[in-house]
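Q: Residue numbering for the sequence shown follows this note's numbering, beginning at 4 and increasing consecutively.
Where a beta carbon is used, it is the ideal one built from N, C-alpha and C, also for glycine.
What follows is a structure written as structure tokens; I'll ask about it next.
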Amino acid sequence: MRVGILGTGAMTEALGRRLARAGHDVVVGSRDPLRARELARTIGAVDGTDHRGAAASDAVIVAVQDAVALELVRSLAAELEGRVLIDIGNPIDPPHFESRYGAGPSLAERMAEAAPGARVVKAFNTVYAELLAEDADERVQVLLASDDDPAKELVAGLVTEIACEPFDVGPLRSSRHLERLAGFEIDLVERGYARATAVRIVDRRG
């Protein structure tokens, strides 16, 4: 599968390396294509290009700063038509690490409005890049929310292929809870916990 990742930060490096090792054709997209190509070589991706080039993929991960993510998605709405769009961002602000959207729609829901033809899945927003590092041996739980069940299943498959554990938390509206959960994790880290800290859901049903 061709997987585009928008951004050149720590999550792009961690996810891109795992996805490439799982056999996927990873394409890194950036406003600076040269930087994207350099990172692509580092992590074993097939190419580095601009955002628009990376958006022409089967699945597209938005890994840019949340402050610019929404406008970026809006600018790529035509390219994202029919594609699985994975939002890993958190609109969390200090000092209390609460969502800047309050009780309103999440970043993922706003992306779905910005690119109405995209198949949006919230994932990886509660996972620090350190948990996905090369030497990490923890089987990380990845919480998924989407209104598109086939898209969610596709992302769950990707999660499994990179040696993580998918956990379905329901419709895209549940991403509001996931973003608040990420705020709690960030607060823990700011108070001295390791950046490899994460909350795990234990399901005792059946």
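Between which two residues does the beta strand (DSSP E) holding P169 run?
A: 168–173 is the extent of the beta strand (DSSP E) around P169.
Q: Can you give the Cα-Cα distance for A70 and A59, rounded to whole angstroms?
A: Cα-Cα distance, rounded: 23 Å.
Q: Determine the contact status of M14 and V76, defining contact as a CB-CB distance below 8 Å.
A: No.
Q: Could you tell me how far apart the beta carbons of S149 and L110 are, in whole angstroms, since I believe they sit closer than 8 Å?
A: Incorrect: roughly 14 Å between the Cβ atoms, too far for contact.
Q: Measure the alpha-carbon distance for A57 versus K155 and round it to whole angstroms.
A: Answer to the nearest angstrom: the Cα atoms are 20 Å apart.
Q: Where in the region 46–71 do unbroken runs of the alpha helix (DSSP H), each at least 4 residues long, occur, reported from the N-terminal end onward?
A: For the region 46–71, whole alpha helix (DSSP H) runs of length 4 or above, ordered along the chain, are 54–58.
Q: Bridge partners for I89 per DSSP, in chain order?
A: Answer by DSSP bridge pairing, in chain order: I64, V124.
Q: Does DSSP classify V30 as helix, strand or coil?
A: Note: V30 maps to strand in three-state DSSP.
Q: State yes or no: is the C-beta of T11 within less than 8 Å of the C-beta of L37?
A: Their beta carbons are not under 8 Å apart, which means T11 does not touch L37 by this criterion.
Q: What three-state label does DSSP hand L79 in the structure shown?
A: Note: L79 maps to coil in three-state DSSP.
Q: With a threshold of 6 Å on Cβ separation, who are the neighbours of R203 within its own chain once the five nearest residues in sequence on each side are excluded?
A: If we look at R203 and ignore the five residues flanking it on each side, its Cβ neighbours are Q144.
Q: Please report how far the alpha carbon of G19 lies from the alpha carbon of P97, in whole angstroms.
A: Distance between the alpha carbons of G19 and P97 is about 28 Å.
Q: Span of the alpha helix (DSSP H) holding A111?
A: Its alpha helix (DSSP H) spans residues 110–117.
Q: Flag this pair as touching only if the region 168–186 and the region 88–96 have three or more C-beta atom pairs under 8 Å; answer yes or no.
A: The region 168–186 is in contact with the region 88–96.
Q: Using CA coordinates, which residue listed in Y104, A159, Y131 is at the minimum distance from R183?
A: Of the candidates Y104, A159, Y131, the one whose C-alpha sits nearest the C-alpha of R183 is Y104.
Q: Is DSSP giving A148 helix, strand or coil here?
A: DSSP places A148 in strand when its eight states are reduced to three.
Q: Is any non-hydrogen atom of the ligand NAP found closer than 7 Å to the C-beta of V6, if you look at the structure I gave you?
A: As far as ligands go, the structure on display features none, and thus does not contain the ligand NAP.
Q: Starting from I8, trace the beta strand (DSSP E) both ways and give me its first and last residue.
A: 5–9 is the extent of the beta strand (DSSP E) around I8.
Q: Using the beta-carbon count (16 or more within 10 Å), is G107 buried or exposed?
A: So G107 counts as exposed.
Q: Buried or exposed for T163, going by 16 or more other Cβ atoms inside 10 Å?
A: T163 should be labelled exposed.
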